[in-house]
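Reviewing the structure listed below.
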Amino acid sequence: VDAKVLGAIIKVFGPSFLIGGLWKVPQDFLGFVAPFLVKAVYKYVDPKNDGGATPTWARGIAICMVLFWSQAAGSLLLHQYFDHVFACSMHARGALVAAIYQKSLTLSHASRSEKSLGELVNLMSVDVQRLTDLIPYLHSLLWSSPLQILISMVLLYRLVGVSSLVGLAVMLAIMPINAKILLTLRTLQEGNMKEKDKRVKTVSEILQSMKVIKMFAWEKPLTQKVAEIRTSEVSRLRRYGYLSSLQSIFWNSAPITVSIATFGAYAFLGNKLEMGVVLPALSII
Numbered sequence: 071v072d073a074k075v076l077g078a079i080i081k082v083f084g085p086s087f088l089i090g091g092l093w094k095v096p097q098d099f100l101g102f103v104a105p106f107l108v109k110a111v112y113k114y115v116d117p118k119n120d121g122g123a124t125p126t127w128a129r130g131i132a133i134c135m136v137l138f139w140s141q142a143a144g145s146l147l148l149h150q151y152f153d154h155v156f157a158c159s160m161h162a163r164g165a166l167v168a169a170i171y172q173k174s175l176t177l178s179h180a181s182r183s184e185k186s187l188g189e190l191v192n193l194m195s196v197d198v199q200r201l202t203d204l205i206p207y208l209h210s211l212l213w214s215s216p217l218q219i220l221i222s223m224v225l226l227y228r229l230v231g232v233s234s235l236v237g238l239a240v241m242l243a244i245m246p247i248n249a250k251i252l253l254t255l256r257t258l259q260e261g262n263m264k265e266k267d268k269r270v271k272t273v274s275e276i277l278q279s280m281k282v283i284k285m286f287a288w289e290k291p292l293t294q295k296v297a298e299i300r301t302s303e304v305s306r307l308r309r310y311g312y313l314s315s316l317q318s319i320f321w322n323s324a325p326i327t328v329s330i331a332t333f334g335a336y337a338f339l340g341n342k343l344e345m346g347v348v349l350p351a352l353s354i355i
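In the numbering used here, the protein residues as written are 71 to 355.
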């Protein structure tokens, strides 16, 4: 993104974007209430782990109410956050599309010859969409995810000790592999854009020259040409879809892999896997 365009986006939509981020802060911290409540529930149903204290209805209802309201408040805060950032994203998308369209109407003949109609259409649809898809998750990328990982590791270390470092090592090993897959996806996406530009440009030229095409009966050769371009484009999209699915499976299975590594190391060090440790740790991971 050009520095001037990025500066204009930040100046116009930055305040509303930051306000949306304020809803994310308490939501992140409420997410870490669950492990403590899970441990409290386990102690409640198994009094032997709570010093032999007799469970009472009042205590049980209190734990359930705190668990319910913490989850409800977290959900409310999260939806308020997404409401603000997605609204900001849609406004930015509308502004960018309008600016690109207005600029395309005032291009000189020399500038217009450098940019095809397909490139302009892709700029307004695909490129702008990719930018606006990133906006709602910028808070997570910049500060929320690192904060959550840091707090999770501190809590996990208190529960399972050095075994948590094994889980951290597995996560750190997974991240470069995932980054490599994402870079490959980006390369494929750039190739897809070139194929799409080529197809849109060809179709536009055919439509503009329809009278000449009809006069010389060039319908079949040009139809075959468009079909060949489309076949190449679909082949690239298929490869992109397969690799994207693989990346999704790989990344979504990361918590399971980290859990197996953490609890495996915990048991290997001679510790006993008890529900009072496993359940809170799983809720953290």
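The beta carbon of each residue, even a glycine, is placed where N, CA and C say it ideally should be. Only a predicted model underlies this, so the values are computations on that prediction, with no experimental measurement involved.
Do you know how far the Cα of residue j is from the Cα of residue i?
i      : j      : result
Ala297 : Leu277 : 15 Å
Gly334 : Leu107 : 24 Å
Ile354 : Trp213 : 18 Å
Ile251 : Thr327 : 18 Å
Met245 : Leu193 : 31 Å
Phe320 : Leu255 : 14 Å
Leu313 : Val155 : 29 Å
Val136 : Ala142 : 10 Å
Ser145 : Ser174 : 43 Å
Gly164 : Leu88  : 19 Å
Ser315 : Arg308 : 11 Å
Leu339 : Val232 : 9 Å
Ala337 : Ala331 : 10 Å
Gln150 : Leu100 : 15 Å
Ala180 : Val82  : 32 Å
Can you tell me which of the three DSSP states residue i falls into?
i      : result
Val232 : coil
Thr254 : helix
Gly101 : coil
Ala287 : coil
Lys113 : helix
Ser279 : coil
Ile355 : coil
Ser305 : helix
Ser178 : coil
Ser323 : coil
Flag this pair as yes or no: are the beta carbons of residue i and residue j separated by less than 8 Å?
i      : j      : result
Pro350 : Leu238 : no
Thr202 : Ala157 : no
Leu225 : Pro105 : yes
Ser234 : Met223 : yes
Ser329 : Leu352 : yes
Met263 : Val196 : yes
Glu265 : Ile221 : no
Gln97  : Leu166 : no
Gly346 : Lys94  : no
Leu133 : Val111 : The sequence as given places Ile at residue 133; Leu does not occur at that position. Yes, these two residues count as a Cβ contact at 8 Å.
Tyr310 : Leu253 : no
Phe152 : Pro85  : no
Gly91  : His209 : yes
Quick one: does residue i have its CB under 8 Å from some CB of chain B?
i     : result
Ile89 : Looking for chain B here will not work: only one protein chain is present.
What first and last residue would you give for the alpha helix (DSSP H) that runs through residue i?
i      : result
Lys342 : It is not in any alpha helix (DSSP H) - Lys342 carries neither H nor E in the DSSP assignment.
Ile170 : 127-175
Asp197 : No alpha helix (DSSP H) holds Asp197; DSSP gives it neither H nor E.
### Query
Would the segment 301-310 and the segment 252-272 be scored as touching if the rule is three or more Cβ pairs under 8 Å?
yes
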